[in-house]
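Numbering (UniProt numbering), first residue to last: 1 to 124. One structure is given here, and the rest of the page talks about it.
As structure tokens, this is what we get:
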């Protein structure tokens with residue numbers, strides 16, 4: 001896959017033959033500096049994502065702060081990626097995006113779900 005820089009991509013960490021696992025995002029700016037976002041605060045652990053970062057980025061930073069609850073009933077990782085993408089497109093700094101959240105991961109999950117669901121609610 002060839003992507004035109006700059007870009008933001010939302011990626012599922014599961015291989016394509018498996019059901020979805022966890023959503024993460026990669027933002028590559030015009031200067032080829034990348035920002036990898038994982039709502040669990042983890043570095044890129046999937047080899048294919050790591051290879052993509054090495055291919056497109058001269059440098060890449062990531063958040064080391066857990067924003068999302070690790071409770072098995074938390075399904076908000078995609079919501080975090082959507083919000084991350086919106087904020088990056090609006091040129092909000094990564095630091096200011098992270099500062100939107102608290103140490104209370106359950107509260108963070110509620111807030112991010114409310115923002116995304118209110119903004120993108122689709123009725124039938």
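A virtual CB, placed ideally from N, CA and C, is assigned to each residue, including glycine.
Residue i to residue j span [Cα, whole Å]
i           : j           : result
residue 74  : residue 80  : 12 Å
residue 119 : residue 59  : 32 Å
residue 43  : residue 121 : 31 Å
residue 28  : residue 16  : 23 Å
residue 71  : residue 85  : 24 Å
residue 93  : residue 47  : 27 Å
residue 105 : residue 95  : 17 Å
residue 33  : residue 51  : 15 Å
Residue i and residue j closer than 9 Å at C-beta
i           : j           : result
residue 30  : residue 5   : yes
residue 88  : residue 35  : yes
residue 62  : residue 97  : no
residue 68  : residue 108 : yes
residue 53  : residue 26  : yes
residue 41  : residue 66  : yes
residue 11  : residue 24  : yes
residue 111 : residue 101 : yes
Helix, strand or coil at residue i [DSSP, three-state]
i           : result
residue 78  : helix
residue 121 : coil
residue 89  : helix
residue 12  : strand
residue 58  : coil
residue 7   : strand
residue 94  : helix
residue 106 : helix
residue 111 : helix
Contact set for residue i: own chain, Cβ-Cβ below 6 Å, skip 5 residues either direction
i          : result
residue 3  : none
residue 39 : 67, 68, 77, 80
residue 56 : 28
Close beta carbons around residue i, own chain, < 7 Å, minus the five adjacent residues each side
i           : result
residue 13  : 21, 22, 24, 46
residue 113 : 76, 79
residue 64  : 41
> Fully enclosed by the region 18–62, which beta strand (DSSP E) runs are 3 residues long or longer?
Replying inline: Contiguous beta strand (DSSP E) elements confined to the region 18–62 occur at 23–28, 33–37, 59–62, taking only those with 3 or more residues.
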